[in-house]
Each structure stands twice: as C-alpha cells, then as structure tokens.
Amino acid sequence: MAQNSTYAYIPGFFAQDDPQADPDVIGALPDRFGLLDSNPGHWQRFQLNITALGLEGKPGDSIKVFFLGRHGQGYHNAAQAKYGMSAWDDHWSRLDGDGEIVWGPDSFLTPLGIQQAEAAHNKWLHEMPSGTPVPTVFYSSPLTRALRTLEITWTDITLPNKAKDVQLQPSHKVVIAENCREVCGGDTCDKRRPKSWIAENFPLFEFNSGFSEEDEFWTPDSRETEEHVNERALSILDDIWDKYPTETYISITAHVGFIRGLTRVVGRGTYELPTGGKYEYLPSNVSLRLIAESRCNSHRY
Numbered sequence: 418m419a420q421n422s423t424y425a426y427i428p429g430f431f432a433q434d435d436p437q438a439d440p441d442v443i444g445a446l447p448d449r450f451g452l453l454d455s456n457p458g459h460w461q462r463f464q465l466n467i468t469a470l471g472l473e474g475k476p477g478d479s480i481k482v483f484f485l486g487r488h489g490q491g492y493h494n495a496a497q498a499k500y501g502m503s504a505w506d507d508h509w510s511r512l513d514g515d516g517e518i519v520w521g522p523d524s525f526l527t528p529l530g531i532q533q534a535e536a537a538h539n540k541w542l543h544e545m546p547s548g549t550p551v552p553t554v555f556y557s558s559p560l561t562r563a564l565r566t567l568e569i570t571w572t573d574i575t576l577p578n579k580a581k582d583v584q585l586q587p588s589h590k591v592v593i594a595e596n597c598r599e600v601c602g603g604d605t606c607d608k609r610r611p612k613s614w615i616a617e618n619f620p621l622f623e624f625n626s627g628f629s630e631e632d633e634f635w636t637p638d639s640r641e642t643e644e645h646v647n648e649r650a651l652s653i654l655d656d657i658w659d660k661y662p663t664e665t666y667i668s669i670t671a672h673v674g675f676i677r678g679l680t681r682v683v684g685r686g687t688y689e690l691p692t693g694g695k696y697e698y699l700p701s702n703v704s705l706r707l708i709a710e711s712r713c714n715s716h717r718y
C-alpha cells in the first residue's frame, strides 16, 4: 500500500460529482457519461484539463480518471425484485435459488443484464467519435456478472472477439482483482467460482497476485463490514497507482457495494449507480488526485 497516502476526488467535471446528484434522474448511461461540458470539443477540453491539473500538482501528486461500471442485472437482482429486499435479506439471500431462479453461488447475468451490458457497449461506440478517452487498464471483480459485463462492454473495442481468435493487445491490461468483489459473506450470489473455472471462461484476463483457487473470503454466516470494504477499495487504488503509475484512464467493473466503498474513501460519499450504469469516476468516471510521496508494496487486505 501507499503509506501516508491520501486519495480525493476532484469535483466539477461530471453531473455525478454533485453530492446531491440523484442517480435516478441522471440515469445509468447519461449523455457524455455525465460530463457537464456539452459544447463541441468537450472531450478534448476534458483531457487537456486533466493534463493541466497533473502539471499543476505538487511533487508526488498524480491524477487518474476512473470509468466505473456496475454489472448488469443478475439473477439475484431479479430475485430481490421478486421478493422484496426485506424477504431477500431475511431468507432468500442464504439460498441458491427458489426452484425457478438460480442465483447462487455467483449469480449470472439475466437477459436484461446482457442487454444492459450491450447498451454500455453501444454507448461507448457512440461517444468515441467525439474523443472520449478510452481506458488502457481494466480491473474487474472476479464475480461472473461483472466479468461478463466487462467482456460484453469492451469486445471489439479494446478486447478481441474470442470467436475471431485475435490476440489481446498488451496495452489493454484486464486484471481480475479479488478486492473488487461485492460486499462479501452470507448472500450466496456473492460467493465466487474457482479460479480454474474463471480462467477457462475468461482466458484473455489475468489474475491479480495472490488469487486463490477457491473462494477464501466468503463465509455463510457473517457479512463484511463497511470499514473492511473501505480497506479493500483503498487497496485497489494503491495497487493501480503502484503498478500503472503512468496510465491515466482506468476502467473498473464491479458492484454497488464496492463502488460505495470507492466513493467513500475519496471523500465523495456514496452514489447508488443503477445496474449496468456508468459514472466517470465511480460508476463510470471521476477524477482522483493522489497526495503521497512515501510508498511501499505492503497490502491493506
């Protein structure tokens, strides 16, 4: 981790930056991913502003822009809608299914969830001609719904189509990180599959260091604390800054609980991104400034 490091978000670029922003009003995939500047050349000006902010910083400061995506609807989300959150929390979340829907372990995307990921893909295709900066490093939760959302969103953009047998470009790193997972424990939908299964089904992605074959974090009887999720979020920021110090534009595909942790630790407060949603810095984007000079390679979690 980075000792004595501080992370903070830089407001003023995106509609989601406003602490009073309403995700239901902004929507999952807003125009320009929420960028406030709507004048011609908006993405070019944004990139120039990010470069200028980096040059203005103190020694040891650096800026990265995060495109945060929440996975599309999973079968556990469908079950939550079917039974209501109270009944889900009290009973159904501890089961693997109800005889009609299977959500555990490690819930798959529903047909609607696949459509939401395809909508994110199409949104990128729509924005890119205007100069949207495309991420060069991609992080994902190890849960299948997040991995599939990432795969669908970025295939034929930065990821090769597996059916075409094209090599993944080395400039586009896709990292499966244990610490990007959803709040862990209790709910069967949040227990991940074995590493070997993930590797077989997502062969273009690489695992972060220390990734175990079996899920060593999920437990059936206890739910992870908010403080622990915050620690995991900080560990991911540390990992990205340590391993990719010169990369500016980063994508993270994860879950609402993890995204809440990311927004908390940079001082933004929580933002309830809809399933399949994007927000430039935490569902899809926001700028972060790192204030740190002393750094080491130990881990927070």
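Its first residue numbered 418, the sequence shown is counted upward by one per residue in our numbering. The beta-carbon is built from N, C-alpha and C at its ideal position, and this holds for glycine as well.
Three or more C-beta pairs under 8 Å: does that hold for the region 550-562 against the region 483-496? Yes: the two stretches touch, three or more of their Cβ pairs being nearer than 8 Å.
Could you tell me how far apart the beta carbons of G491 and R562 are, in whole angstroms, since I believe they sit closer than 8 Å? Right, the Cβ-Cβ distance comes to about 4 Å (below 8 Å), so this counts as a contact.
From the DSSP output, read off the bridge partner residues of L576. T572.
Scan the region 596-677 and note each continuous beta strand (DSSP E) run of 3 residues or more that stays entirely inside, going in chain order. If we require 3 residues or more, the beta strand (DSSP E) runs fully inside the region 596-677 come out as 666-671.
From the DSSP secondary-structure annotation, give me the bridge partner or partners of Y688. Residue pairing by DSSP leaves Y688 without any beta bridge partner.
Note down, in chain order, each residue of its chain lying with its Cβ closer than 8 Å to the Cβ of K590, except the 5 sequence neighbours on either side. Hits under 8 Å: T553, V554, F555, E623, Y661.
Same chain only: Cβ atoms within 7 Å of R681, ignoring 5 sequence neighbours per side: Contacts found: N647, T687.
Under the rule that 16 or more other beta-carbon atoms within 10 Å means buried, what is W614, buried or exposed? Exposed, since its Cβ has fewer than 16 Cβ neighbours within 10 Å.
Of the residues I653, R685, R449, the one placed nearest S626, counting alpha carbons only: The candidate whose alpha carbon is nearest that of S626 is I653.
Going by DSSP, what residue range makes up the alpha helix (DSSP H) through S398? Because the chain is modelled from 418 through 718, residue 398 falls outside the range shown and cannot be assessed.
Neighbourhood of P587 by C-beta distance below 7 Å, restricted to the same chain and skipping five residues each side: Residue placement at P587 cannot be trusted, given a pLDDT of 39 that sits under 50; the coordinates are not used to answer.
What do you get for Q533, buried or exposed, if any count of 16 or more other CB atoms within 10 angstroms of its CB means buried? In this structure Q533 is buried. Its beta-carbon is surrounded by 16 or more other beta-carbon atoms within 10 angstroms.
Separation of I657 from V600, as counted between CA atoms: V600 and I657: Cα-Cα distance of roughly 20 Å.
Report the rounded CA-to-CA distance for D441 versus N456, giving the unit in angstroms. D441 and N456: Cα-Cα distance of roughly 24 Å.
Reduced DSSP secondary structure (H/G/I, E/B, other) of F463: In this structure, F463 counts as helix in the three-state DSSP scheme.
For S479, which of helix, strand or coil comes out of DSSP? Secondary structure of S479 (DSSP, three-state): strand.
With burial defined as no fewer than 16 other Cβ atoms inside 10 Å of the residue's Cβ, what is the status of L465: buried or exposed? It is exposed - the Cβ of L465 has fewer than 16 other Cβ atoms within 10 Å.
So the candidates are P528, E595, K475; which of them puts its Cα closest to the Cα of I669? The shortest CA-to-CA distance from I669 to any of P528, E595, K475 is the one to E595.
Between D434 and the rest of its own chain, which residues show a CB-CB distance below 6 Å, the 5 nearest in sequence each way excluded? Here the set comprises P428.
Considering only the beta carbon of each residue, do G603 and R640 sit closer than 8 Å? Yes, they are a contact pair.
Check whether the Cβ of S639 lies closer than 8 Å to any Cβ atom in chain D. Absent here is chain D; the protein component of the structure consists of one chain.
Out of T605, F675, L576, which one is the CA nearest neighbour of D507? Nearest option by C-alpha distance: T605.
From the DSSP output, read off the bridge partner residues of G474. Answer is none; G474 lacks a bridge partner.
Among residues of its own chain, excluding the 5 on either side of T570, which ones have a beta-carbon nearer than 6 Å to its beta-carbon? Here T570 has A534, A537, H538 as same chain residues with Cβ atoms under 6 Å from its own Cβ, once five neighbours each way along the sequence are excluded.
Roughly how many angstroms lie between the CA atoms of E664 and L542, to the nearest whole one? Whole-angstrom Cα-Cα distance: 22 Å.
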